[in-house]
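Q: Could you have a look at this structure, given as structure tokens, before my questions?
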DNA sequence: ATATTTGCTTGCAATTTGCAAGTGCAAACA
DNA sequence: TGTTTGCACTTGCAAATTGCAAGCAAATAT
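Chains as they are written, first to last, in my numbering: chain A, 379 to 514; chain B, 379 to 514.
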């Protein structure tokens, strides 16, 4: 990812400069699903990201302050990755992507159930989700 | 873009399989701003997409039924690209990306004004925007 | 008839990806 | 007290994708 130059001042373009690739949002997704993940946790995801790509994306997301590294309580060797507030605030984007995908393809039933709750009270749902993610 | 295989059944992942790159959403953006664009119009955008990348992205977005080609009324040589309903329904995603970018960077004042309207009545704003895009 | 515009395609170098294997270090084990 | 194991990466390299420049063919303008 090219941290140095924005292609334009368009917000879509500058967002894509940060996470416009096939992998970054999957890391964000994993962290929204699990709140904190180790390097190995990301590797377990069904999309099977390569280890070098994962390392480079984690670094870039950290540089853009979407995620942050913290020490794992169990061992000094292990690291926990988690979302920063900037990352947590991507919740509405992620939900709207999910809602869009739901219209045009089959999505897992847990996601569908989540959307059902979301649609009952969008603002409330997002507020709760964000608060939950900011807790730990 | 790889139209052949989904990496997983996760809605984020399958969405990224369609438009997870640095350019596709900029094409969608241009079409949301202008409703219909020619090949040359896309080239005029500030991010300066290369002609071969543009051609390949237009083809892939067409295959995924996000956009469609229509004849230009003026000439047989010219083509108009526009969003399909599937593309139009990406409006909430695009707005939430814009809102997120607005929190962490400086965005053009027209976009900021748009967000202000959006925040007054999110549902209403989106409904109107979608209706407007579906008109032509 | 000739020139120009439009929507691409082609060629090629540079960058990025994806896969496999390797490395270094903490912690567990013997 | 070695030795092994597991975890978090790094490295090497082939393959794919990107980005730039140039080319090209059909339609339109002159």
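All C-beta atoms in this analysis are idealised placements derived from N, C-alpha and C, irrespective of residue type, glycine included.
Starting from residue 447(A) and walking both ways along the alpha helix (DSSP H), at which residues does that stretch end?
A: Run containing residue 447(A): none in the alpha helix (DSSP H); it sits in the beta strand (DSSP E), 445 to 449.
Q: Hey, how far is the Cα of residue 404(A) from the Cα of residue 431(B)?
A: Rounded to whole angstroms, residue 404(A) to residue 431(B) spans 24 Å at the Cα level.
Q: Contact between the segment 466 to 480 of chain B and the segment 502 to 513 of chain B: three or more CB pairs below 8 Å?
A: The segment 466 to 480 of chain B is in contact with the segment 502 to 513 of chain B.
Q: At 3 residues or longer, and completely inside the segment 438 to 495 of chain B: list those beta strand (DSSP E) runs for me, N to C.
A: You should have 445 to 449 and 457 to 461.
Q: At a cut-off of 6 Å, is residue 512(A) close to the ligand SAM when judged by its beta-carbon and the heavy atoms of the ligand?
A: This structure lacks the ligand SAM; in fact it carries no ligand of any kind.
Q: Got a sec? Which residues, its chain only, sit under 7 Å from residue 490(B) by beta carbon, not counting five neighbours each side?
A: These residues qualify, in order along the chain: 480.
Q: Check whether the Cβ atoms of residue 435(B) and residue 390(A) sit closer than 7 Å, and answer yes or no.
A: No; because the gap between Cβ atoms is not below 7 Å, this pair is not in contact.
Q: Just the chain A side, please: which residues come within less than 7 Å of residue 391(B) by C-beta, in chain order?
A: Neighbours of residue 391(B) on chain A, chain order: 404 and 425.
Q: Beta carbon of residue 462(A), beta carbon of residue 443(A): below 7 Å?
A: Yes.
Q: Would residue 400(B) and residue 511(A) be called neighbours here (beta carbons separated by less than 7 Å)?
A: Going by C-beta atoms, residue 400(B) is not nearer than 7 Å to residue 511(A).
Q: Could you tell me the boundaries of the alpha helix (DSSP H) in which residue 397(B) lies?
A: Residues 389 to 397.
Q: Scan the segment 429 to 454 of chain B for residues whose Cβ lies nearer than 8 Å to a Cβ of chain A and list them as they occur along the chain.
A: Within the segment 429 to 454 of chain B, no residue has a Cβ that lies closer than 8 Å to any Cβ of chain A.
Q: Excluding sequence positions up to five away, which residues of its chain have a Cβ less than 6 Å from the Cβ of residue 456(B)?
A: Once the five neighbours on either side are set aside, the close Cβ partners of residue 456(B) are 416 and 450.
Q: Just to check my reading of the structure: residue 387(A) and residue 485(B) have Cβ atoms closer than 8 Å, yes? What is that Cβ distance to the nearest angstrom?
A: With 8 Å as the limit, residue 387(A) and residue 485(B) qualify as a contact, their Cβ atoms being about 7 Å apart.
Q: Within the continuous alpha helix (DSSP H) that includes residue 499(A), where are the two ends?
A: Segment: none, residue 499(A) is in no alpha helix (DSSP H) and carries neither H nor E.
Q: Report the residue from 409(A), 478(A) and 426(A) whose alpha carbon sits nearest the alpha carbon of residue 446(A).
A: Among 409(A), 478(A) and 426(A), the Cα nearest to that of residue 446(A) belongs to 409(A).
Q: Measure from the C-beta of residue 490(B) to each C-beta in chain A and report whether the shortest distance is under 7 Å.
A: No, because no Cβ of chain A sits closer than 7 Å to the Cβ of residue 490(B).
Q: If contacts are defined as beta-carbon pairs under 8 Å, then residue 460(A) and residue 413(A) qualify, I think. What distance do you get, rounded to the angstrom?
A: Going by Cβ atoms, the distance from residue 460(A) to residue 413(A) rounds to 6 Å, so yes, they are a contact pair.
Q: Against chain B, with Cβ distances strictly below 7 Å, would residue 498(A) count as a contact?
A: Chain B, which has no Cβ nearer than 7 Å to the Cβ of residue 498(A), makes this no.
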